[in-house]
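To start, the structure itself, in structure tokens.
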Amino acid sequence: MATSLYFIKMRKGGPLPAPAILSTHIVDVEEECSLKCLEELHCFGFNFNSGSITNKYASKSNCQISGRNFEDMEIMDGNDWNEMKNQTEKQLDQNCPDNWTKFGGDRCYYVSEKTATWAAARADCQARGGDLAVPRSAEDSQHIYEVVNERNVNRVLIGVYRGAGNLANKFYTVGSGVEVSYTNWKRGEPNGNDGSENCVAVKTPTTKAAWIDVSCDYPRYFMCELIL
């Protein structure tokens, strides 16, 4: 026998109504209260042993069923559900500006159209509301590799730089300025090149976004990151 899938949704227009107490019951155990909720069509939750009981029922517990009134709802079939889901996903994608890609739920990435020095690249990213991208995990590196490889560019600047003075052997991230906790160095890197390579780029496609230290003053493509 064919079956249909239905959902409850709020009617269009006006703010979402606040949950209200739909009914109260005197029950002996919490499981009984949960069953009362299941029996109530518009139940959003229940409150067991709320304390607002009378002396007459002092040996038992109060069960409050909360939800929203039927007038604020309508039945939505499976087709409507898919349409609403697609619209929601489209709206989420629009959280990222044009020409940016979304990753990890709350981050957007952008690969520059032109080259710039590391300092100019960072200023460009900041003008766009973000900063140079900082890979924080192998998943980040894989996504960066895919985005950069699709653009067919190589040696893309990221938001990692070498410390100065006594900290020259350590690398830090833009924004927080903390020492990197995740690295993806290419074999033989960082090499420093006699102190002339103090910024970091990801190398593709021969290596999957492996890090190399590069000159901060040589113009390269760069990747920006925007946290929503």
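Note that full-length UniProt numbering has the sequence shown beginning at 1, numbered continuously upward. C-beta: ideal position from N, C-alpha, C; glycine also.
Around the Cβ of P97, a 10 Å sphere holds fewer than 16 other Cβ atoms; the residue is exposed. When rounded, the separation of the alpha-carbon atoms in N184 and V134 is 11 Å.
Out of N198, K186 and V174, the CA that lies nearest to the CA of M223 is found in V174. In this chain, K170 is not harboured by any beta strand (DSSP E), its DSSP state being neither H nor E. In the DSSP assignment, D213 falls within the unbroken beta strand (DSSP E) covering A210 to V214. When the alpha-carbon of Y109 is set against those of Q126, A119 and T117, the nearest one is in Q126. For K203, the enclosing beta strand (DSSP E) covers residues C199 to K203. Pairing I212 with K186 gives a Cβ-Cβ distance under 8 Å.
Of the other Cβ atoms in all chains shown, 16 or more fall within 10 Å of the Cβ of D140; this residue is therefore buried. In the three-state DSSP reduction, C108 falls in the strand class (E or B). Around the beta carbon of G177, fewer than 16 other beta carbons sit within 10 angstroms, so the residue counts as exposed.
For C224, the three-state secondary structure derived from DSSP is strand.
Counting along the chain, the unbroken alpha helix (DSSP H) around A119 starts and ends at W118 to A127.
K36: not part of any beta strand (DSSP E); member of the alpha helix (DSSP H) spanning E30 to E39, first to last residue. Per DSSP, the beta bridge partners of Q64 are T24 and N47. In the structure shown, D194 falls within a coil segment according to DSSP collapsed to helix, strand and coil.
By the criterion of a C-beta distance shorter than 7 Å, D217 is surrounded in its chain by T117, once the five residues flanking it on both sides are discounted. In this chain, R187 is not harboured by any alpha helix (DSSP H), its DSSP state being neither H nor E.
Cβ contact annotation for G192 (same chain, cutoff 7 Å, sequence separation greater than five): D213, in chain order. Rounded to whole angstroms, the separation of the alpha carbons of T204 and R128 is 25 Å. With fewer than 16 other Cβ atoms from the protein chains shown falling within 10 Å of its own Cβ, I21 counts as exposed. Counting only the Cα atoms, V147 lies some 57 Å from N62. In the DSSP secondary-structure assignment, K102 is bridged to C108. S215 has its alpha-carbon roughly 4 Å from the corresponding atom of E197.
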